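Student: All the letters of the sequence shown, read from the start, carry residue numbers 147 to 367 under the working numbering. For every residue, glycine included, the Cβ atom is placed at its ideal position computed from N, Cα and C. Here the structure is a predicted model, which is why all the values come from computation and not from measurement. So that we are looking at the same thing, I have put the structure below in structure tokens.
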Amino acid sequence: MHNRNLNIAGKSTTLEFGHEGVLYRQSFIMYDKQTDTKWNHSTGLAMFGKLTGMRLEILPSWVVRWEQWKAMHPTTKVLAREGRGGFMGTYVADRNFAEFGLSVGQGPQAKLYPYDLLAKREVVNDTVAPHALVVTFDPAHKQAMAFSRKLGAQDLSFEPGKEPNPRSLIMRDRETSSLWDRLSGKAVEGKMKGKSLQPLIAVPWLKERWRQIYPEGIVYK
147 MHNRNLNIAG KSTTLEFGHE GVLYRQSFIM YDKQTDTKWN HSTGLAMFGK LTGMRLEILP
207 SWVVRWEQWK AMHPTTKVLA REGRGGFMGT YVADRNFAEF GLSVGQGPQA KLYPYDLLAK
267 REVVNDTVAP HALVVTFDPA HKQAMAFSRK LGAQDLSFEP GKEPNPRSLI MRDRETSSLW
327 DRLSGKAVEG KMKGKSLQPL IAVPWLKERW RQIYPEGIVY K
């Protein structure tokens, strides 16, 4: 998901996009209707045309089950479009979760956290410049999140925590022993209760396709 507002020659411009109908390294290409520049939809990078080299801002987004999203955001809205579906019909992916990873960062600094590794550790403390981060995993629903573990002037470190509520996923910070919800990044018990970690831009990828787009990226081990 990208911000389609872009500063072009000192002027804020809202771009409108369409599907170019071609793939680049298994990632589809889109075009903007204002300049016909071709953009990589995965990275937001302008690859060919007048705006080559510019990049759309990636916006924070989650891939979660509807019931979880509804519970966290009870007044949420859903985008519903009238008309026929896509020419390919309904697409349902039945893939092993081990084929996926969570990507943080851009370019050579991009780092992929494989889901099969996250399933074993559930909470990973790491650094991807310029962020000290924590990557969390929900083993039941195969979902991963990334947050900055810097709160004010302090870098926190986390570990899986026991869950007072069986419906929530908890982690504990080693500095204050506060308990945090893994999916929202919000402290629910202890000294830090009420504080929230900043969510980071993190995108689920098929491992094989991530490597094609980020050949110099690092896979966490």
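Could you give the residue range of the beta strand (DSSP E) that holds E245?
Tutor: Note, E245: premise wrong, no beta strand (DSSP E); not H, not E.
Student: Using a Cβ-Cβ cutoff of less than 8 angstroms, which residues in the same chain neighbour I316 once the five nearest sequence positions on both sides are dropped?
Tutor: So the qualifying residues of the chain are P306, G307, K308, E309, P310, L325, W326, D327, R328, V334.
Student: Let me make sure I understand the geometry here. Which of G253, G195, N149 has the alpha-carbon closest to that of Q358?
Tutor: Out of G253, G195, N149, G253 has the C-alpha closest to the C-alpha of Q358.
Student: Comparing C-alpha positions only, which one of H287, V269, A299 sits nearest to F293?
Tutor: Out of H287, V269, A299, V269 has the C-alpha closest to the C-alpha of F293.
Student: Does the distance from the C-beta atom of L248 to that of V281 stay below 8 angstroms?
Tutor: Yes, they are a contact pair.
Student: Just tell me which of N149, I347, V365, E354 has its CA closest to the CA of G251.
Tutor: Taking only the C-alpha atoms, the option nearest G251 is I347.
Student: Within the continuous alpha helix (DSSP H) that includes R267, where are the two ends?
Tutor: Run containing R267: 261 to 267, per the alpha helix (DSSP H) assignment.
Student: Which partner residues does R318 have in the DSSP bridge list?
Tutor: Answer is E305, L325.
Student: Sort R171, G167, L169, D178 by Cα distance to N151 and report the nearest one.
Tutor: Checking every option, the nearest Cα to that of N151 belongs to D178.
Student: Give a yes or no on whether 8 angstroms exceeds the smallest Cβ distance from R318 to chain D.
Tutor: No chain D is part of this structure, which consists of one protein chain only.
Student: With a 10 Å radius around its C-beta and 16 neighbouring C-beta atoms as the bar for buried, classify I364 as buried or exposed.
Tutor: By the 10 Å Cβ count, I364 comes out exposed.
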